[in-house]
Structure formats: C-alpha cells, structure tokens
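**Q**
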Amino acid sequence: MNFYEAARFQYAAARLLVKLAQFRSTGRFRQKITDVSNLGIILESQSEGSFRINTDAPDPNSRVESQTENAFLNMSLSSLLAYVIERVIEKTNDDDLISLFNAIPEITDRFGRLSPDDSKRLEEIVRLLIVDPELRGTIFPEASELIERRISEVTRQDSLAIASGQVAKIDGPREQKLISMAAPLISEMATALRRSADTLKIHGRSSGTPSNVLYLNQPMAQGILSSKVDDQITPILGNIIQYNKETGWGKVRLGNFEQPLSFSVPSDKNHPYKTCFYRKWEENKFICKYTWLEIEHASQFEL
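With the sequence shown counted from 1, adding 10 to any position gets you this note's numbering.
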C-alpha cells in the first residue's frame, strides 16, 4: 500500500474519530486538536509492546520510475534521512557520556578515566560498544538509552561518509529548504512520545544492511516538539569555548546570552572543517554562519 496514501487515510480517520468523540461528549468539536482536547482513542498494536511501520522505497537506479536516469541524488532514503536528522536533532552531550563511562569499571580498566579532551577515546568506546554486546551489557539500564542515542549518531556519521559524493551535491539553499521542511515534520513524528510511546526508533536498510538512524525517548523528544527553524542562515560572531573534533559537538558563548549554548556540526561537514576550524580558533577569529534551531535554548550550527 502506498505509504503516503495510507498515512493520509490514518491522519484523516484519526481527526474524524477524535472530533466525533468530542461532539458526542459536549455537542460540539474543536477546529484544532491539541494535547488537551485529544481524547483517548487508542490504536491497538499488531504485536505486544511495539508498533512497526515498514516501508519500501524504489531504488533510484531502477527503471520503474520514468525519471530515474536524471535523479538528482543516487543515495538511499535512510542516508538522506540521516542528513536532515543531523541538522535537526541535537546530539548527545559529551560531558554526560564521559561521566557515564568514568563510572563503569569495565571501561575505565580498559581505557582509563576520560577527560573533556578525550574525544578520540570517547569515539573508540562508542564504536566498541556497537560490536561488543558483553561490554554493552555493563551499561547501567537507566543510561542505556543515552548509549542508544549516541550509537545512532555514529551510524548516521558512517552513512553520510559513504554517501559523501552525493551529499556534496546539496548546496546551501537546498540544504536550508530541506531543514525548514524536515524540522516541523520530525517534530510531528515525535508527538507520539508525549504520552503514548516510550521510545521512537528509525532503522534504515540499504543493500540488506540495517542501520540505526534515530533513537529518541520521551525526555529527548521534549525539545523538538516545540522546535522552530529560521528560514534564512544568519551570520553571527560567537566565542566557541568547547569543541569535540570527532563528533562536532561543542559549546559557544554569544553576547546576548549569559549561559553557553550547545551546538553541533553535521557529521558530513565536520571532517572537512577540522583544520580550518582549529586555525581560526587559535587566531581567535571565528564567525559562525548558522541555522538557528530553537530547541530549549540549544542551537544547531552550520559552520
């Protein structure tokens, strides 16, 4: 079944049933359905504990579509989804991961205690956790979701590295349009985490290889539910006070804010900018061109 048509049906049916339930209860219905006026109509799961939506998109190289030979990008949809998620979803805080790893004897015995400057060792530990289930089992249950989120970030990074030739075709104006389009839709997707779901996972599969594109739980989703994105890229002078060259996560202090703001550089742009970044940082000359993504006082920068 066509995914868009099925989703439109489900969206229309949901609005109809909620408004009918409102009318049955009060004799009237609201034009806009909010969290308060959204009555508790439940969607039953196909299996215990989870809801799965599996989609299959045609290969851009196939001849099923009439315009495939002129396709703008020859990359999987999961990689393109990774591209926009890198620009919309705030990355994990390195300080939180360092505190977590320093509290696990199995990790400190193997890697030693980590400091804020140990970005390379931090990356090594995360990649080891991906391939070593036994070590991953040592993570405290309450902290496992933080690891899941970081693993999805590493997976996106690897996916975009493979598709770097295609990603390079996306120029600044196209990138800005993609961000402006995708941010509110991803925010809508996170609506299910308000009350219904505990976690949201997006897995991609290209050439038979599964990939973890996105992981969110309810606290992680709170920010993007009210996110707003600038229509234009804005130049601003900022003082970057912390930066992880492996992940692109850092902190910047702006003149109008007392507290530093966290930022993240999309992984597909982080590697090419490393040398220039450090040179300008040492010279104390750094101008950020950024897309302001308002997520609970966090920012997504495009440097």
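C-beta atoms are modelled at their ideal positions from N, C-alpha and C, and glycine is treated no differently.
Pick from S206, G265 and I189: whose alpha carbon is nearest that of G50?
**A** Working through the sequence shown from its first residue, we reach residue 50 at position 40. Comparing Cα-Cα distances from G50 to each of S206, G265 and I189, the minimum goes to S206.
**Q** Who are the Cβ neighbours of E163 in its own chain at under 6 Å, not counting the five residues just before and after it?
**A** Along the sequence shown, one-based indexing puts residue 163 at 153. Taken in chain order, the residues that qualify are K101.
**Q** So, helix, strand or coil for Q186, using DSSP?
**A** The count along the sequence shown starts at 1 and reaches residue 186 at position 176. If DSSP states are grouped into helix, strand and coil, Q186 belongs with the helices.
**Q** F150 by DSSP, collapsed to three states: which one?
**A** Your numbering for residue 150 matches position 140 in the sequence shown. In this structure, F150 counts as coil in the three-state DSSP scheme.
**Q** Looking at the strands, I want to know which residues DSSP matches up with I250.
**A** Within the sequence shown, numbered from 1, the residue matching residue 250 stands at position 240. BP columns for I250 point to V262.
**Q** Would I108 and I140 be called neighbours here (beta carbons separated by less than 8 Å)?
**A** As a first step, residue 108 is located in the sequence shown; it is residue number 98 there, counting from the start. As a first step, residue 140 is located in the sequence shown; it is residue number 130 there, counting from the start. Not a contact, by the Cβ cut-off of 8 Å.
**Q** Enumerate in chain order the residues of its own chain whose CB-to-CB distance from L226 is below 6 Å, with the five nearest sequence positions on each side excluded.
**A** As a first step, residue 226 must be located in the sequence shown, where it is residue number 216. Answer for L226: L210, listed in chain order.
**Q** With a threshold of 7 Å on Cβ separation, who are the neighbours of M85 within its own chain once the five nearest residues in sequence on each side are excluded?
**A** The residue given as residue 85 occupies position 75 in the sequence shown. Excluding residues within five positions, the ones whose Cβ falls inside 7 Å are A173 and Q176.
**Q** Span of the beta strand (DSSP E) holding F273?
**A** Residue numbering aside, residue 273 sits at position 263 when the sequence shown is read from its first letter. That run of the beta strand (DSSP E) goes L271 to S274.
**Q** Under a three-way DSSP split, which group does T36 fall into?
**A** Along the sequence shown, read from residue 1 onward, the residue named residue 36 stands at position 26. Correct three-state label for T36: helix.
**Q** Go ahead and label V98 buried or exposed: buried means 16 or more other beta carbons lie within 10 angstroms of its beta carbon, across all protein chains shown.
**A** As a position in the sequence shown, residue 98 is number 88, starting the count at 1. Buried is the call here.
**Q** If the criterion is Cβ atoms closer than 8 Å, does the pair S67 and V223 meet it?
**A** Numbered from its first residue, the sequence shown carries residue 67 at position 57. Numbered from its first residue, the sequence shown carries residue 223 at position 213. Checking the sequence shown, residue 67 turns out to be Ala, not Ser. Contact flag unset, no.
**Q** For the putative contact between L124 and L156, defined by C-beta atoms under 8 Å, what is the C-beta separation to the nearest angstrom?
**A** Numbered from its first residue, the sequence shown carries residue 124 at position 114. Numbered from its first residue, the sequence shown carries residue 156 at position 146. With 8 Å as the limit, L124 and L156 do not qualify as a contact, their Cβ atoms being about 15 Å apart.
**Q** Take Q32 and list the residues in its own chain whose beta-carbon comes closer than 8 Å to its own, dropping the five residues that flank it on each side.
**A** For the purposes of this step, residue 32 is taken as residue 22 along the sequence shown, with counting starting at 1. Once the five neighbours on either side are set aside, the close Cβ partners of Q32 are R38, F39, R40, S47 and L49.
**Q** How many angstroms separate the CA atom of D278 from the CA atom of R184?
**A** For this step, residue 278 is matched to residue 268 along the sequence shown. For this step, residue 184 is matched to residue 174 along the sequence shown. Going by the C-alpha atoms only, they are around 15 Å apart.
**Q** Please report the straight-line C-alpha distance between D106 and R18, rounded to a whole angstrom.
**A** Numbered from 1 along the sequence shown, position 96 holds the residue referred to as residue 106. Numbered from 1 along the sequence shown, position 8 holds the residue referred to as residue 18. Distance between the alpha carbons of D106 and R18: 40 Å.
**Q** Tell me which residues share the same chain as R159 and place their Cβ nearer than 6 Å to its Cβ, disregarding the 5 neighbours each side in the sequence.
**A** As a working note, residue 159 is residue 149 in the sequence shown. Excluding residues within five positions, the ones whose Cβ falls inside 6 Å are T102 and Y225.
**Q** Please state if the CB of A200 and the CB of A231 are separated by a distance shorter than 8 Å.
**A** Along the sequence shown, read from residue 1 onward, the residue named residue 231 stands at position 221. Along the sequence shown, read from residue 1 onward, the residue named residue 200 stands at position 190. Yes, they are a contact pair.
**Q** Thinking C-beta only, is F121 closer than 8 Å to I135?
**A** Here the question's residue 135 lines up with position 125 in the sequence shown. Here the question's residue 121 lines up with position 111 in the sequence shown. Yes, they are a contact pair.
**Q** What's the call for G5, buried or exposed, on a 16-neighbour Cβ count within 10 Å?
**A** Nothing about residue 5 can be reported from this structure: the residues present for the chain run from 11 to 313 only.
**Q** Smallest Cα separation from V28: which of I43, E268 and T36?
**A** Taking the first residue of the sequence shown as position 1, residue 28 is located at position 18. When each option's Cα is compared against that of V28, the closest is I43.
**Q** By the 10 Å Cβ neighbour count, where 16 or more other Cβ atoms means buried, how is N254 classified, buried or exposed?
**A** Counting from 1 along the sequence shown, the entry for residue 254 is found at position 244. Buried.
**Q** State the beta-bridge partners of Y225 as determined by DSSP.
**A** Against the sequence shown, residue 225 aligns to sequence position 215. According to DSSP, which records beta bridges pairwise, Y225 is partnered with K211.
**Q** What span of residues does the alpha helix (DSSP H) with L49 cover, start to end?
**A** Here residue 49 refers to the residue found at position 39 when the sequence shown is read from its first residue. It is not in any alpha helix (DSSP H) - L49 carries neither H nor E in the DSSP assignment.
**Q** With 16 as the cutoff for other CB atoms within 10 Å, does Q167 come out buried or exposed?
**A** Reading the sequence shown from its first residue, position 157 is the one you call residue 167. So Q167 ends up on the buried side.
**Q** Closest to E133 by CA distance: which of P229, E144 and D104 is it?
**A** As a working mapping, residue 133 is identified with position 123 in the sequence shown. The option with the nearest alpha carbon to E133 is D104.
**Q** Per DSSP, which residues does S2 bridge with? Please list them.
**A** Lying before the first or after the last residue shown, residue 2 is absent from the chain, which here runs from 11 to 313.
**Q** Are the Cβ atoms of V275 and I189 separated by less than 8 Å?
**A** What you label residue 275 is simply residue 265 of the sequence shown in a count that begins at 1. What you label residue 189 is simply residue 179 of the sequence shown in a count that begins at 1. Result no, Cβ atoms of V275 and I189 do not sit closer than 8 Å.
**Q** Could you compute how far the alpha carbon of P115 sits from the alpha carbon of T148?
**A** For the purposes of this step, residue 115 is taken as residue 105 along the sequence shown, with counting starting at 1. For the purposes of this step, residue 148 is taken as residue 138 along the sequence shown, with counting starting at 1. Rounded to the nearest angstrom, the two C-alpha atoms are 9 Å apart.
**Q** Please go through the same chain and pick out, in chain order, the residues whose beta-carbon is closer than 7 Å to the beta-carbon of H213, but skip the five residues on each side of it.
**A** Within the sequence shown, the letter at position 203 stands for residue 213. Excluding sequence neighbours, H213 sits near P220, S221, N222 and V223.
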